[in-house]
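Asks:
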Amino acid sequence: MSVPYELTGRRQQKARTRQALVEAARRLLADGADPAVEDAAAAAGISRTTAYRYFPNQHALLAAAHPEIERSSLLPPAPPADPAARLDLVMTAFTRLTLDWEPQLRASLRLSLQPGSGRQPLRGGRAIGWIEDALTPLRDTHPGLDVHRLAVAIRSATGIESLVWLVDVAGLTREEAADTMRGSATALLTAALDRQAAGAARP
1 MSVPYELTGR RQQKARTRQA LVEAARRLLA DGADPAVEDA AAAAGISRTT
51 AYRYFPNQHA LLAAAHPEIE RSSLLPPAPP ADPAARLDLV MTAFTRLTLD
101 WEPQLRASLR LSLQPGSGRQ PLRGGRAIGW IEDALTPLRD THPGLDVHRL
151 AVAIRSATGI ESLVWLVDVA GLTREEAADT MRGSATALLT AALDRQAAGA
201 ARP
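Heads up: the sequence shown at position 86 corresponds to 86 in full-length UniProt numbering, and the numbers run straight through without jumps.
#1: What distance in whole Å lies between the Cβ atoms of ALA40 and ALA60, which are believed to be in contact at a cut-off of 8 Å?
#2: Measuring only the C-alpha atoms, how far is ARG119 from SER112?
#3: Would you mind stating whether GLN196 and GLY159 have Cβ atoms separated by less than 8 Å?
#4: Apply the 10 Å Cβ neighbour rule to GLN12 and answer buried if 16 or more other Cβ atoms are within range, or exposed otherwise.
#5: Using the rule of at least 16 other Cβ atoms within 10 Å of the residue's Cβ for burial, across every protein chain shown, is GLU132 buried or exposed?
#6: Compare the C-alpha of LEU29 against each of THR136, HIS142 and ALA64 and name the closest.
#7: Kindly list the residues whose CB is nearer than 6 Å to the CB of ARG71, restricted to its own chain and excluding five residues on each side of it in sequence; keep chain order.
#8: From the DSSP output, in three-state form, read off ALA36 for me.
#9: Rounded to whole angstroms, what's the CA-CA distance from GLN114 to ARG106? Just pull it up for me.
Shown next, in the form of structure tokens:
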């Protein structure tokens, strides 16, 4: 198996070069561009030949520019016990991340929709984990509720995909779209709890 160029010799210097290309791509994306490898190279002051050693095509470059958010939770220290309050905190943080990283997330979404693109970072499922973390108290208070399925439902109504539709198609402002996504998350939680309560009340 071949070893990536940046993992051979002068690894620290190559890591800095790679990061410079990624940061240049992110800046260009934030400015509304659709950067090719040579665009990132020019912005970073790196030769095209060198840049292509790190990123053989635009697909590889934009995938690397996707934000790496390794946090296992979006809850603050000592979060509340109430699931609705916890979910609101997580959704507020999640929608802010979506707005802050919108250009990069849009690029990743576009890549993920291209034929043969494979599994993109956008599909990593981090947000589902963050939402499940918010809903954790329900596992004790509502043991019959499928918390994972509820988290998936909430994720389906939030994030970059929903932001694109709400802004580009529905014509909302970004802040209006964020409010709508937070409201959808709350409504889905309320509906799930109501359904379970109605089921438990049946003889």
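For glycine and all other residues, C-beta sits at the position ideal for the given N, C-alpha and C.
Just so we're clear, the structure is a prediction, and the values are computed from it rather than from any experiment.
Replies: Considering the structure as presented:
#1: About 11 Å; that fails the 8 Å criterion.
#2: At ARG119 the pLDDT is 48, less than 50, meaning the model places this residue with poor confidence; the figure from the coordinates comes in the next sentence. Between ARG119 and SER112, the C-alpha separation is close to 7 Å.
#3: no
#4: exposed
#5: buried
#6: ALA64
#7: none
#8: coil
#9: 13 Å
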